[in-house]
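**Student:** Residue numbers in the sequence shown follow UniProt numbering, run continuously in steps of one, and reach 69 at the last position. In this text, a Cβ means the ideal position worked out from N, Cα and C, and glycines have one as well. Because the structure is a prediction, the values reported are computed rather than measured. One structure, pasted below without further comment.
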Amino acid sequence: MVSHCDASGHDPLLILGEPTNHLDIDSIAAVEAGLRAYDGALIVVSHDETFVESIGIERRLELAASVGG
Numbered sequence: 001m002v003s004h005c006d007a008s009g010h011d012p013l014l015i016l017g018e019p020t021n022h023l024d025i026d027s028i029a030a031v032e033a034g035l036r037a038y039d040g041a042l043i044v045v046s047h048d049e050t051f052v053e054s055i056g057i058e059r060r061l062e063l064a065a066s067v068g069g
């Protein structure tokens, strides 16, 4: 899932949900290159640590699994 927000006229915000799911290695590399060159803000939800590190994410919020529900 990809969403783009630019309601304020400032730098755009991309919201990406599992952007590497079902992509081959070449496609993942292309997405990584595009996001490294992107000047706006990113919110990324991903289980792919290598991908997150490769695009230069500087701040993280990690959610712990809940116990019992």
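1. From the DSSP secondary-structure annotation, give me the bridge partner or partners of Gly17.
2. With a CB to CB cut of under 6 Å and the five nearest residues on each side skipped, what residues in its chain are close to residue 79?
3. Quick check on DSSP: helix, strand or coil for Arg36?
4. Using three-state DSSP, classify Asp24 as helix, strand or coil.
5. Going straight from the alpha carbon of Val31 to that of Val52, what length do you get?
6. Just how far apart, CA to CA, sit Pro19 and Val44?
7. Go ahead and pull the three-state DSSP assignment for Val31.
**Tutor:** Inspection of the coordinates gives the following:
1. Beta-bridge partners of Gly17 (DSSP): Val45.
2. Outside the modelled stretch of the chain, which goes from 1 to 69, sits residue 79, for which no answer is possible.
3. In this structure, DSSP gives Arg36 a helical state, which the three-state scheme calls helix.
4. Asp24: coil per DSSP, three-state reduction.
5. In a straight line, the C-alpha of Val31 is about 11 Å away from that of Val52.
6. Between Pro19 and Val44, the C-alpha separation is close to 8 Å.
7. Look at Val31 here: in three-state DSSP terms it is helix.
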